[in-house]
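Residue numbers (UniProt numbering): 1 to 165.
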């Protein structure tokens, strides 16, 4: 995949958020709440209850939601993986690279949320992080192409049945 020249989206609307000092998790939730058609997530660490709940609510509104997580999220105690899975969100385990360090949400193939901000409580409350939200279909399509490549290299995670005994 060829790099995208930044000048091709120089006039795209964007928002920047930094922690500490701003509620970046809420900015992400606000964008998720605007989703009409699709949400594609790639996450290294995903423990944020507000972001996970917003994603589930989007699915309940009829938005197509798909999530790729780093392999570590499927064994981490406080990961949102099981919660999302139990809510019917399709999940994939990205286990080919040493770590899948992406922090990306693609909304309606027109908005990209990215930056250093892991989708965690720590990113919001304890770390110095950044979030960049760019509304540009060309950029979103590039990110979606990469999402598709990562998905094809990932393992689909099937919902685990809960033992009720």
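Glycine is no exception: its CB is placed at the ideal position from the N, C-alpha and C atoms.
- Under the three-state reduction of DSSP, residue 88 is assigned to coil, being neither helix nor strand.
- The C-alpha of residue 88 is placed about 21 Å away from the C-alpha of residue 31.
- Under the three-state reduction of DSSP, residue 23 is assigned to coil, being neither helix nor strand.
- Ranking 124, 137, 72 by CA distance to the CA of residue 29 puts 124 first.
- Per the C-alpha coordinates, the member of 57, 83, 49 positioned closest to residue 34 is 57.
- Residue 61 counts as exposed, since fewer than 16 other C-beta atoms from the protein chains shown sit within 10 angstroms of its C-beta.
- When secondary structure is reduced to three states using DSSP, residue 70 falls in the strand class.
- CA-CA distance, residue 129 to residue 70, rounds to 19 Å.
- With respect to the 8 Å criterion, residue 117 and residue 96 are not classified as neighbours on the basis of their beta carbons.
- Counted as a single uninterrupted DSSP element, the alpha helix (DSSP H) harbouring residue 152 occupies residues 137 to 152.
- Secondary structure note for residue 112: it is in no alpha helix (DSSP H), and the uninterrupted beta strand (DSSP E) holding it is 111 to 115.
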